[in-house]
Amino acid sequence: MKKIFLLASLFFLSSCAELQQIASQLPQEYGVSDSEINSGLKQALQFGIDKEVTNLAKEDGFFRNELVRISLPPELQKVDKTLRDVGLDALADEGLKVLNRAAEDAVSEAIPVFANAVTQITFADARNILLGPEDAATSYLNGKTEQELYSRFNPIISNSLDKVGATQVWKNIIQKYNSLPITSNVNPDLPDYVTNEALDGVFLMIAKEEKDIRNSLAARTTDLLKRVFALQDR
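With mature numbering (1 follows the signal peptide of the UniProt record, and there is no 0) as the guide, the letters of the sequence shown map in order to residues -17 to -1, 1 to 217.
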């Protein structure tokens, strides 16, 4: 996730001075106030949070979404292959599903953290985000929330892994795998892995919604969004 947003963040920061100079002229020239730009960016982010994060929190929100479905970590991919090679396909399938169930169970915790970050967007932030790259708002949100989200997600993911039965399923899988004479022992940190994968999925889906609003007139479903994002179309 850090790699995904680092380049965008560097581009965003390196061009802040130029963006501020250009953006400071926009409200006066096109009749859109700083307050409207700020409110429009907040509304766009809130729409993305409400729509995408809420969908991820539903059953199959991760598991049936090919964009964010959590696959196995590298050290468990060989476990999966070995289990299937010896005819334990059902056990392998269940192991994959419960990782996604844990993410679905925990992801709703992101909503209040995001909501707090959105309220902190300043007028200057909003102008720079508006004229930034197509994931500038998501990158802003990532920078403001990533550390707190990991701290909140990790223990919740651990509990969720227990709640949905993933801990026991993977304990059984790993014990079965480690007992095979042709294998070497594995003991992955599943909470850390699922936490990072869940956060990747959350930010990916918010970025998708942001891109839609920036690039599609039909996605600008309020007058405020139409007025504010028309500035970036000029």
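Every residue gets a Cβ at the ideal spot worked out from N, C-alpha and C, and that includes glycine.
Terminal residues of the alpha helix (DSSP H) in which residue i lies
{"i": "Glu180", "result": "Leu173 to Asn198"}
{"i": "Ala27", "result": "Asp17 to Gly31"}
{"i": "Leu59", "result": "Pro57 to Asp68"}
Cβ-based burial, residue i [other Cβ within 10 Å; buried from 16]
{"i": "Asp63", "result": "buried"}
{"i": "Leu39", "result": "buried"}
{"i": "Pro174", "result": "buried"}
{"i": "Glu193", "result": "buried"}
{"i": "Asn155", "result": "exposed"}
{"i": "Thr178", "result": "buried"}
{"i": "Arg203", "result": "buried"}
{"i": "Asp88", "result": "buried"}
{"i": "Arg217", "result": "exposed"}
{"i": "Thr128", "result": "buried"}
{"i": "Asp72", "result": "exposed"}
{"i": "Leu50", "result": "exposed"}
{"i": "Ala6", "result": "Because Ala6 carries a pLDDT of 45, less than 50, the predicted location of this residue cannot be relied on, and no value is offered for it."}
{"i": "Thr205", "result": "exposed"}
{"i": "Gly70", "result": "exposed"}
{"i": "Asn125", "result": "buried"}
{"i": "Leu200", "result": "exposed"}
Beta-carbon proximity list for residue i, same chain, < 8 angstroms, skipping 5 on both sides
{"i": "Arg197", "result": "Glu117, Phe212 and Gln215"}
{"i": "Lys80", "result": "Phe46"}
{"i": "Glu77", "result": "Val152"}
{"i": "Ser91", "result": "Val36, Thr37 and Ala40"}
Local conformation of residue i per DSSP, three classes
{"i": "Asp206", "result": "helix"}
{"i": "Asp216", "result": "helix"}
{"i": "Ala201", "result": "helix"}
{"i": "Glu42", "result": "coil"}
{"i": "Ile156", "result": "helix"}
{"i": "Ser54", "result": "coil"}
{"i": "Asn161", "result": "helix"}
{"i": "Glu49", "result": "coil"}
Nonlocal neighbours in the same chain, by C-beta distance under 7 angstroms from residue i, ignoring five residues either side
{"i": "Ser22", "result": "Leu207"}
{"i": "Arg52", "result": "Phe45, Phe46 and Asn83"}
{"i": "Val15", "result": "Leu9, Arg210, Val211 and Leu214"}
{"i": "Ala120", "result": "Leu24, Ala27, Leu28, Ile112 and Glu193"}
{"i": "Val147", "result": "Val81, Arg84, Ala85 and Asp88"}
{"i": "Asn34", "result": "Note that residue 34 corresponds to Lys in the displayed sequence, not to Asn. So the qualifying residues of the chain are Glu192."}
Nonlocal neighbours in the same chain, by C-beta distance under 6 angstroms from residue i, ignoring five residues either side
{"i": "Ile140", "result": "Ala85, Ala89, Pro174, Val177 and Thr178"}
Any chain D beta carbon closer than 8 angstroms to residue i
{"i": "Glu92", "result": "Checking the listed chains, one finds no chain D in this structure; it contains a single protein chain."}
- Item | Entirely enclosed alpha helix (DSSP H) segments - the stretch 73 to 149, minimum 4 residues | The stretch 73 to 149 contains these whole alpha helix (DSSP H) runs: 93 to 102, 106 to 113 and 119 to 146.
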